[in-house]
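Note that the numbering used here has the sequence shown beginning at -19, numbered continuously upward.
Heads up: the structure comes next, in structure tokens.
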Amino acid sequence: MSPKSAAPKHVIVDGSNIATEGRSKPSLKQLNDAVMAFIQDHPKAVITVIVDATFGHRIDAKEATAFDKAVEHNELVTPPAGTVGRGDGFVLSIAQKVGASILSNDSYQEFHGQYEWLFDEGRLIGGKPVPNVGWVFVNRTPVRGEKSRRAIRESQPTSDKPGRGVAKVKVSAEAMKPMPVPKSLPPGAKLPTKKVESSKSVNDILPFLQFVEKNTVGSVVIGVVESYSSHGAYVTIGDVRGYVPLRLLGSPPPRSAREVMQLGDSVTLEIVEIIAGRRSIDLVPTTKAVSASPAKKVKKAAAVKKAALAKKAAPAKKAAPAKKAGAVKKAAPAKKVAPVKKAAPAKKAAAVKKAAPAKKAAPKKTAVKAVTRRK
């Protein structure tokens, strides 16, 4: 049941092994380069990348953000804690379940008695980066050694249990040890500080703030495809960098982002997530219209404000109580002032004239007449 060596259908990548090839510490960038080169050689192959549980603690701190994102999107798979056989056993069990080939430079000697198909042609593929050439991949056969012979012996049926035709599967004591749990930070790593936080950031703070000020989740923008990764593609939108996850490029997702978009292409993208802590922007291709430019938004906002002010100003004219002003005029008691005229005693002045006894002055004349009579 071995797949064709020229075009394997499903390949399980031993990420911890490939990322450490020729190095003392694993490199996520080297793993990504190897996977992309293999996809280029075998575009129809289905790729599954497995790394051990300590991988994220051993890579460079600058790659921690990309690693967490890849694990979150199931683009890198880690074995459950305490897996028997560590990461190697997890890789082999998956390959056996789906009948896949394995991309690794490891021979898995502790498992030769359990997984005999490792020696089938095309089931084990090796790879190395060659200077001035790139990654080169070839079919290989596992190397046998003392661990291999011991594992095969232990897998053979014992003579003291007759009637048992099925061999008891055994692995070495070393392979049976549980996965190690890191008790401290790896050498060179530091606790999260401002310096580490800045290294994890995808974009500079000023361009990122300017972008999120003008765009929100759901906004549609134009981006230019910048580069590929094993788990998606990166695009540039003006002065910021965005990320298009492979899982959002279709259902089921394509094997590589290069099947959907080409380098240098301008694509219409919708913002699906903005992560302020890492200053990252996740996007997905869309057919929606591009969101209005900030200048149009400002003009529209100004028109809305003017309309609102106009509506607020209209009630101010209605509030001018014309009738109430008339009430003020009524409050002026013009008719009530009339009693002042009554207070003017015009008729009393006439009474004074009556009191003047004009006719009583007449007796003087009578007196004169009496004098004349005496004469």
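Ideal placement from N, C-alpha and C gives every residue a C-beta, glycine not left out.
Tell me the rounded alpha-carbon separation between Ile39 and Lys285. 54 Å
Based on the DSSP output, what are the partners of Arg221 in its beta bridges? Thr216
Consult DSSP for His92 and reduce its assignment to one of helix, strand or coil. coil
C-alpha distance - Ile185 paired with Ile202, whole-angstrom precision: 21 Å
My understanding is that His(-10) touches Ala33, with C-beta atoms under 8 Å, so please give their C-beta distance in whole angstroms. At roughly 23 Å, the Cβ-Cβ gap does not stay under 8 Å, so His(-10) and Ala33 are not in contact.
Local conformation of Gly69 per DSSP, three classes: helix
Whose C-beta lies closer than 7 Å to the C-beta of Val51 among residues of the same chain, with five residues either side of it excluded? Residues of the same chain with a CB within less than 7 Å of the CB of Val51, apart from the 5 flanking positions on each side, are Thr58 in chain order.
In whole angstroms, give me the CA-to-CA distance for Val264 and Val240. Between Val264 and Val240, the C-alpha separation is close to 11 Å.
Can you tell me whether Thr216 is buried or exposed? The criterion is at least 16 other CB atoms within 10 Å of its CB, across all chains shown. exposed
How many angstroms separate the CA atom of Val247 from the CA atom of Ala131? 54 Å
Straight-line CA distance for Val15 to Pro109? Val15 and Pro109: Cα-Cα distance of roughly 12 Å.
Spatial distance of Glu55 from Ser209 (CA atoms): 10 Å
Would you kindly report the start and end of the unbroken alpha helix (DSSP H) that includes Asp13? Leu8 to Asp21
Is there contact here, the region 119 to 127 with the region 87 to 105, by at least three beta-carbon pairs under 8 Å? yes
Meets three-Cβ-pair contact criterion under 8 Å: the region 76 to 89 and the region -5 to 4: Yes, since at least three Cβ pairs between the region 76 to 89 and the region -5 to 4 fall closer than 8 Å, the two stretches touch.
Which of helix, strand or coil does DSSP assign to Asn112? coil
Residue span of the beta strand (DSSP E) that contains Val247, given as start and end: Ser246 to Ile255
Using a Cβ-Cβ cutoff of less than 7 Å, which residues in the same chain neighbour Phe188 once the five nearest sequence positions on both sides are dropped? Val220 and Arg259
CB contact flag (Asp262, Pro225, <8 Å): yes
Which residues bound the alpha helix (DSSP H) around Gly2? No alpha helix (DSSP H) contains Gly2, which DSSP labels as neither H nor E.
Only counting the same chain, and skipping five residues up and downstream in sequence, which positions put a Cβ closer than 6 Å to that of Val123? For Val123, same chain residues with a beta-carbon under 6 Å away, outside a window of 5 residues either side, are Ser87 in chain order.
Tell me the DSSP secondary structure of Glu206 in three-state form. strand
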